[in-house]
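Peer 1: The structure under discussion is supplied below as structure tokens; questions concerning it will follow.
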Amino acid sequence: MQKKIIISSIKSNYDELERSIVSQLLFETPNHKLTTGTYRETIWMSLFKLIIPHKFSIKQGVFIMDSNGNTSAEVDLVIFDEQYTPYIFNYGEICFIPIEAVAVVIQCKSFKLNDQKLTAWVETIDKLKTSNNSIARLANSIAINEPVLTQKSTRPIKILCYLSKEKPGQKAKNRGFDIELCAIEGESKLNIKFNDTVDNLYKAFINLNFHQEKNDCENEFKGIDALKKISLQKQFTVKDNNLLSFIFQLNQLLMLINNPLLFPHQSYVDLFNKRTDNENPYL
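Here it is in structure tokens:
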């Protein structure tokens with residue numbers, strides 16, 4: 224009896240928390256769209272802080288770059304490794320984080336969505352490529368430019384958070400995001416949709432750990448076909464509790480990425496050394 228009371232109490236608390244978050248997200252500051260937008264980003268950020276393990280950090284207003292010099296558009300919220308991976312630049316309000324460190328990117332929008340701009344934003348994330356040019360001591364050896372068999376080129380989980388006056392369709396729209404979270408006007412629960420990229424754990428594993436290299440890995444992992452039968456929305460859903468479900472769903476995806484790739488210091492050194500003698504260092 225005591226166990227049932229505890230479980231029921233936990234679920235009830237998550238219901239209350241979800242109602243509070245949705246209410247705060249739908250609050251508007253009259254004639255101050257920028258203030259309202261920043262406020263809503265802070266609310267989404269507080270939600271993700273409650274969800275993610277402490278091994279990850281979360282930061283607002285970040286640029287992501289790779290060792291080829293490609294840079295993303297500004298990312299509203301980034302969940303990343305701050306324990307093993309250095310910043311490329313972090314001073315004042317400007318922050319550049321290497322793609323190898325990034326586990327989740329989150330774009331926060333209001334009621335009006337521009338699909339063309341959202342797709343273009345996603346493309347600036349997808350073009351980033353991790354490097355395997357790393358050297359690190361492992362438990363039994365020194366790893367030199369050797370990618371882990373189960374993780375050759377990672378990409379972050381892409382999440383869109385937005386508001387809506389009506390309930391979205393059954394699946395996330397084809398905007399390039401893996402997950403879409405929506406606070407609906409007049410309702411007290413978050414609406415959470417998953418794209419086909421992560422609708423089962425096999426697809427999620429391949430898409431997140433073999434970005435731009437999927438053709439090279441399909442035949443290597445025949446032994447994990449059982450993951451195809453494990454659906455995020457079916458096996459990881461707590462009945463009538465969207466927020467509690469999302470905690471388990473997102474963290475399961477994070478466990479498929481697990482630790483970040485070993486950081487390729489030499490690749491970033493080479494990037495900065497590519498500047499020619501004719502370049503003005505102050506421009």
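Going by the working numbering, the residue at position 247 of the sequence shown is 470; the numbering climbs one at a time, nothing skipped.
We treat Cβ as the ideally placed atom computed from N, Cα and C, and that holds for glycine.
Keep in mind it's a predicted model, so treat the numbers as computed, not measured.
Taking C-alpha atoms, which residue in K426, L336, Q435, A359 lies nearest to Q377?
Peer 2: Here residue 377 turns out to be Thr, not Gln, going by the sequence shown. Comparing Cα positions, the closest option is Q435.
Peer 1: If you compare alpha carbons, which of S468, Y491, N481 is closest to I233?
Peer 2: I233 has its Cα closest to that of S468, out of S468, Y491, N481.
Peer 1: For K282 and L300, what's the separation of their Cα atoms in angstroms?
Peer 2: Approximately 6 Å between the Cα atoms of the pair.
Peer 1: Would you report the Cα separation of I274 and L240, rounded to the nearest angstrom?
Peer 2: About 12 Å.
Peer 1: Buried or exposed: where does S290 fall if 16 or more other Cβ atoms within 10 Å of its Cβ makes it buried?
Peer 2: By the 10 Å Cβ count, S290 comes out buried.
Peer 1: Straight-line CA distance for A406 to F312?
Peer 2: Between A406 and F312, the C-alpha separation is close to 34 Å.
Peer 1: Can you check the region 453 to 502 for any alpha helix (DSSP H) of at least 4 residues that lies completely inside it and give the ranges in chain order?
Peer 2: The qualifying runs are 455 to 458, 465 to 480, 488 to 496.
Peer 1: Are there 16 or more other CB atoms within 10 angstroms of the CB of G399, so buried, or fewer, so exposed?
Peer 2: The residue is buried, with at least 16 neighbouring Cβ atoms inside 10 Å.
Peer 1: Check the C-beta distance from F495 over to S357 and give it rounded, since I have them as a contact under 8 Å.
Peer 2: 17 Å between Cβ atoms; not a contact.
Peer 1: CB-CB under 6 Å to N501, same chain, minus the five flanking residues each way: which ones, in chain order?
Peer 2: Unreliable placement is indicated for N501, whose pLDDT of 49 sits below 50; the coordinate value is still reported in the next sentence. There are no such residues.
Peer 1: Considering only the alpha carbon of each residue, which of F471, E305, L479 lies closest to A427?
Peer 2: The candidate whose alpha carbon is nearest that of A427 is L479.
Peer 1: How is I311 classed by DSSP in three states: helix, strand or coil?
Peer 2: If DSSP states are grouped into helix, strand and coil, I311 belongs with coil.
Peer 1: Indicate the three-state DSSP secondary structure (helix, strand or coil) for D419 in the structure shown.
Peer 2: Helix.
Peer 1: Pull up the distance between the alpha-carbon of L383 and that of A296, whole angstroms please.
Peer 2: If I take the Cα positions, the gap works out to 15 Å.
Peer 1: Along the chain, where does the beta strand (DSSP E) that runs through A449 open and close?
Peer 2: From DSSP, A449 is part of no beta strand (DSSP E); its letter is neither H nor E.
Peer 1: Label K375 either buried or exposed according to how many other C-beta atoms from any shown protein chain fall within 10 Å of its C-beta, with 16 as the threshold for buried.
Peer 2: Classification for K375: buried.
Peer 1: Cβ of L431 within 8 Å of Cβ of I470?
Peer 2: No.
Peer 1: Please report the distance separating the alpha-carbon of T259 from that of L386.
Peer 2: When rounded, the distance between both Cα atoms is 12 Å.
Peer 1: With 16 other CB atoms within 10 Å as the buried threshold, where does V327 fall?
Peer 2: Buried is the call here.
Peer 1: Which value, in whole angstroms, describes the spacing of the CA atoms of L341 and Q225?
Peer 2: Cα to Cα, the separation comes out at about 48 Å.
Peer 1: So, is V245 buried or exposed, given that buried needs 16 or more other C-beta atoms within 10 angstroms?
Peer 2: Burial call: buried.
Peer 1: Helix, strand or coil, according to DSSP, for E403 in the structure here?
Peer 2: Three-state DSSP puts E403 in a strand.
Peer 1: Could you name the residues that DSSP lists as bridge partners for I230?
Peer 2: Per DSSP, none; premise fails for I230.
Peer 1: Taking 8 Å as the limit between beta carbons, can you name the residues of its chain near P276, skipping five residues before and five after?
Peer 2: The residues are N474, L477.
Peer 1: Look at the alpha carbon of F334 and the alpha carbon of N368, and state the distance between them as a whole number of angstroms.
Peer 2: Each residue's Cα considered, the two are about 46 Å apart.
Peer 1: Please report how far the alpha carbon of N464 lies from the alpha carbon of I365, in whole angstroms.
Peer 2: Rounded to the nearest angstrom, the two C-alpha atoms are 46 Å apart.
Peer 1: Helix, strand or coil: which one does DSSP assign to S246?
Peer 2: The answer is helix: DSSP assigns S246 an H, G or I state.
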